[in-house]
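So the sequence shown is numbered by the working numbering: it starts at -13 and just counts up by one.
Here's the structure, in C-alpha cells; my notes come after.
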Amino acid sequence: MANQKRLFLLDAYALIFRGYYALIKNPRINSKGQDTSAIMGFMNSLFDVIRREKPDHLAICFDKDGSTERTELFEAYKANRDATPDVIKQSIPIIQDLIKAMHIPCVEISGMEADDIIGTLAKQAEKQNYQVFMVTPDKDFGQLVSENIFMYRPARMGNAIEIWGIPEVKKRFGVERPEQVIDYLGMMGDASDNIPGLPGVGEKTAKKFIAEFGSMEALLANTDKLTGKMKEKVEDNAELGLLSKKLATINTDCDVTFNEKDYEMSMPDAEKVQQIFEELEFRRLKEQFLKLFSSEGASEEVTQISNSESAKKTAKSTAGSGQFSLFGGDGEPASDIKEYNSRKTIDTTEHFYQTVQAGMGTRLFLQNLLKQNSVCFDTETTGLNPLTAELVGIAFSWETGKGFYLPFPESKDEAQELIEQLRPFFESEAIEKIGQNLKYDIKVLAKYNVSVQGKLFDTMLAHYLINPDMRHNMDVLAETYLNYTPVAIEALIGKKGKNQGNMRDVPVEQQTEYAVEDADITLQLKEHFQNELGEANTQKLFDEIEIPLLRVLADMELEGINLDEGFLKNLSSELDNDILKLEKSIYEAAGETFNIASPKQLGEILFDKMKLVDKPKKTKTGQYSTAEDVLSYLAKDHKIIRDVLEYRGLSKLKSTYVDALPEQVEPSTQRVHTDYMQTVAATGRLSSNNPNLQNIPIRTERGREVRKAFIPRDEEHVLLAADYSQIELRIIAALSEEETMIQAFTNGEDIHASTAAKVFNVPLAEVTREQRSNAKTVNFGIIYGVSAFGLSNQTDLSRSESKELIDTYYKTYPKLRNYISEQIDFAREHGYVQTVLGRRRYLNGINGSNAVVRGAAERNAVNAPIQGSAADIIKIAMIRIHEKMTKAGYKSKMLLQVHDELVFDVYKPELEELKVLIKKEMEKAYPLSVPLEVELGVGENWLEAH
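Here is the structure:
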C-alpha cells in the first residue's frame, strides 16, 4: 500500500457546472464584460485537488457529443435538460487551453460521456496497482467504487471533502456491493438524466427491493412476492426497468488506454498559464498557481480530509508518496517556476517620487501644491480603523510618474501643526481632490479637524458606476486598466494577522515609493475613468449622487449611534432562557437529546426517526435538507419544526447582534459606528458593515427588541425615524403607468386592501384580513417574479388558487404586465436595465439559452430598476437633508440609513422644524406620477421611533 501510486480523474463538466452555479448569484465579470464564473469555479476545484493531494497522476475527462449508445437505446435520455448556459459553452475552450498549458491530459472521445471514460481508465489503472480517485459530485460513480477506486467529492459551501470508499457507498445507497448502485439507479430512475426507472419506485422502495432481491433481474424474476399495485407496476414495466439499468450503467470498456507515463503530473508551461490568467483578470488564481507550483508552495505539507476508515488508511499510506515530477528522487524541487508578469511595475517604470523634507522643503512643496487645479492624495496611517488611525504620511501626485510624500511626526501636537500647513489645500474650493476610497481619507482628516472641500473624484466610485459587477480595489483596477502591478502592502508590513507590522516602522524611503505610487496610479485611473463615465451615461449620477453622498456617509459614520449595553445584557439573559425552553420542548418531542444546530442530526431526527414527511428533500450529498425554505413549508403542521425555526432565529439573533453589538462599541467615542459601502450592491443600494445594521430582524418580536438598544445621545435628544411607505410599489406603479394603482395611491388608499378589493371583486370595506394579506404577498411578489408555486408556499392558497390569483392580478393591472415584458425586451436588446436616474444593471445572461440563467436575468430586469430607483431616491433625500441641516447649523444629526428608512438623533428644541424639513425633502426627492409618502416616528429608542 505504501508504494501505491495514485491517479486522480476529474469529471470536467460536473465540476464546471458546479462552479458556475455556485457563483450564479454573484457572477465574476471582468472589465471586458466577460463572465468568468465557470472558468474560475473549475480552476479552483482543480487547484484544490492538486494542493491537498499532490497526485502522482492526473487527467481531466470531458463529454463530447453526449452518449451515442444511450441515446440510441432511449431517445429521451437527458432530453429534459436545459440547454448548456452560453457562458459555459464559451468557457470550455479557455478551460481546455489552461489544462493543456498545465500539461495535464485532457481526455474526450466523440459519442462517449466522461463517466464512461473515467470508468474505463479507473478500472485499467486499478489493474496496474493504482489507487484511483474519481473527482466528481455525481453520485452515479458509486457503482465503480472498489478496494482501490474511490469517489472524491469536492468541498462545497462549507462542507468538507468527502471520500467515499465501499463502506460509504453501502451506507449511502443501502447496498451490499457497490455494483448494486446500478440496480438502485435503474429501479428509482434518475430525473436529472431522464432515466425513467420503475413507476412508483422511489429511494425508500429501491433500497427495500435491493435488500430483498439484490438486483433488478432478481426482482423481475420474483414479482410473485409483490402485492397490489406495486406488483402490477413492476410487471407491466419490466422492460423499462431493464432499459433504465442499462442506461445507468457506466461503460468501462471505452476506446481509451491508461498509459501511466502520459498521465504523470509534470511541469506546466508557467508563462502560458499566467498569460491566460492575466487575460481573464484572475489575479488570485495566478497567485495560487505560483504558490502551488513553485518550490516553496510544492514543499508545503498537505492535509487530506476524509470521512471514511478506508480513506483514512489511504491518506496515511500515501502521505508523502505522491509528488510532482518537478521533485527529484530525494523529494527536493528539481526546478522552480518564476512569476511571469507582462505588466509594468515600479521597478520597470520610470518615475520620480520625492520625500518632502521639513523646513524649506515643506514650504516650497506647499507653494507648488496650492498652484494646482487638480491633485491626487492618499493618506498613510497606522491602521485601517479611521476612528483610531493616526497619520504616518500623505502622498500627492498631479503629474503621471511624479509625486511627493510628506512624512508625519509621531507626536500628535507636531502632526497637528503640519496638517495646519496643509489646511489651505484641503479646504480650497478651487482645487479638485482625487483619491481611491476618499471616504476613508476624509474620516481620517476629520480627526485632525480638517474638512476636505472642493470638487472630489473617487476612482472606486467611478469604476463602480462603469462596471458594477467587478471588484473595485486599486490593485485590480491598476492591473486591469493600466497593465500595472503596484507594490503590495504585505511587502512592507507583512501578511495580515497578529504579527503584521505598522507603516510607521517602515523606512521613509520605502514609505515614499509605496505611497506615491498609490497616488500616481490613482491619478492615472482618474484620467481613464473620466472618459468612461461619459460613455456609460453615468457622469451625472457620479457628480450629483455618489460623490455628494460620500461626504454625507462620512459624517454619519463619524457620528455613530449610542447603544444601551445594559439593555442588551438583560436581553441576552432572556434569550438564554427562551432558547433553553425551546431546547427542552424539541428534545421532548424528539424523545432524545441531540445537537439541534447540526443539520445532519436534525434531519435524522425529523425524517428518519419521526418520519414527518414521506419523501423528505435531500441535499446533493445525500443528507436530509433542513434548509429554511424546507422547514418553513412544514412548520404549520409540526410544532417541533416551529420550535426549531424559532430556536435558530433566537440563537442567530443572540450571537449576531445581542452579544456582538457591545463588542463593537468604539472605546474612543463610546458609540457604534457602522461603515456604509457604496460599491457592493449592483442595484445601487448601500451596504452596512461592522456592524451590519440593515439586517436586524424586524418581523419577529425578539428581533424588534434589539432596536430598543439604540438610543439618543442624551436626555436632550430623541430619535426620529423617517420611513418611505411602500416606495417600491409606488415606483412600479409610476414606471408601469398603471392608472388603477396610481389612483389608489393618489387617493391615499391602503394599496393592499385596494388590490384585494379588485382581485377578489369585493367592496373595499368588506376586504378580509386574509384577502389583504394574500394581495400584499402578490403586490410585493410581482417585483421579484413570484410564481404560483412560490405564492402557495407563502400563503394558505393552493397552487391552482395562487395561479388564479396571479392571473386575476394581471387582468386587474394590465399595464403592469406590459411593463414587465417591456423591461425584459429592453434588457434583451441593450444588455442592461436602468433606474430613474440612469444607474445601469448589466444582465449578461438575458439572451442565454439556459432557462435557469435566463429566468434569473429576467427577474433582475424587472426588480433592479425598481429596487435601484428606490435606492437612488433615498440617496437624493439624504444629500438634500444633510446639506440643509449643515447650512442651518442644526445640532441634530443624521445617523443611519436602513433601506427605506433614515434615523436621526434630534435635539429636542429642533424637533418640530426637522420633522417638516425631513418629510418634505424625502417626499419631494424625485417627482413621480405617484406621491411619495413618508411616515415619521419619535421615541426614546429606535423601536419606539420606528
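The beta-carbon is built from N, C-alpha and C at its ideal position, and this holds for glycine as well.
Helix, strand or coil: which one does DSSP assign to residue i?
i: residue 871; result: helix
i: residue 185; result: coil
i: residue 364; result: strand
i: residue 268; result: coil
i: residue 577; result: coil
i: residue 275; result: helix
i: residue 63; result: coil
i: residue 420; result: strand
i: residue -10; result: coil
i: residue 120; result: strand
i: residue 643; result: helix
i: residue 395; result: coil
i: residue 625; result: helix
i: residue 784; result: coil
i: residue 332; result: coil
i: residue 603; result: coil
i: residue 791; result: helix
i: residue 379; result: strand
i: residue 620; result: helix
i: residue 879; result: strand
i: residue 426; result: helix
i: residue 556; result: helix
i: residue -5; result: strand
i: residue 357; result: coil
i: residue 98; result: strand
Could you work out which residue in the options is closest to residue i when comparing CA atoms only?
i: residue 491; options: 478, 503, 502, 484; result: 478
i: residue -9; options: 822, 881, 888, 114; result: 114
i: residue 854; options: 26, 667, 613; result: 667
i: residue 444; options: 433, 894, 426; result: 426
i: residue 612; options: 587, 636, 140, 625; result: 587
i: residue 326; options: 374, 348, 333, 257; result: 257
i: residue 387; options: 419, 509, 439, 453; result: 509
i: residue 720; options: 414, 465, 595, 916; result: 916
i: residue 609; options: 595, 616, 589, 618; result: 589
i: residue 472; options: 458, 649, 466, 503; result: 503
i: residue 152; options: 530, 141, 166, 813; result: 166
i: residue 556; options: 432, 777, 775, 695; result: 695
i: residue 560; options: 499, 639, 219, 136; result: 639
i: residue 350; options: 432, 643, 733, 390; result: 390
i: residue 633; options: 265, 567, 89; result: 567
Could you name the residues that DSSP lists as bridge partners for residue i?
i: residue 548; result: 697
i: residue 857; result: According to DSSP, residue 857 bridges with nothing at all.
i: residue 818; result: 828
i: residue 707; result: 889, 923
i: residue 651; result: 658
i: residue 390; result: 340, 382
Please report the distance separating the alpha-carbon of residue i from that of residue j.
i: residue 738; j: residue 163; result: 59 Å
i: residue 693; j: residue 684; result: 9 Å
i: residue 970; j: residue 772; result: Outside the displayed span of the chain (-13 to 932) sits residue 970, for which this structure offers no information.
i: residue 116; j: residue 34; result: 21 Å
i: residue 922; j: residue 769; result: 26 Å
i: residue 456; j: residue 450; result: 8 Å
i: residue 800; j: residue 715; result: 15 Å
i: residue 718; j: residue 54; result: 50 Å
i: residue 658; j: residue 665; result: 22 Å
i: residue 654; j: residue 591; result: 49 Å
i: residue 775; j: residue 782; result: 12 Å
i: residue 334; j: residue 462; result: 19 Å
i: residue 836; j: residue 778; result: 26 Å
i: residue 248; j: residue 596; result: 53 Å
i: residue 225; j: residue 199; result: 17 Å
i: residue 436; j: residue 420; result: 16 Å
Quick check for students: name the residue ranges of the beta strand (DSSP E) that lie wholly in the region 135 to 181, counting only runs of 3 or more.
135 to 139, 148 to 150
Please give the ranges of any alpha helix (DSSP H) in the region -3 to 46, keeping only runs that are unbroken, at least 4 residues long and fully inside the region.
-2 to 8, 23 to 39
Please go through the region 189 to 261 and give each complete alpha helix (DSSP H) segment of 4 or more residues, from N-terminal end onward.
189 to 199, 202 to 207, 214 to 222, 224 to 234
Mind pulling the beta strand (DSSP E) runs of 3 or more residues that sit fully within the region 432 to 512?
442 to 444
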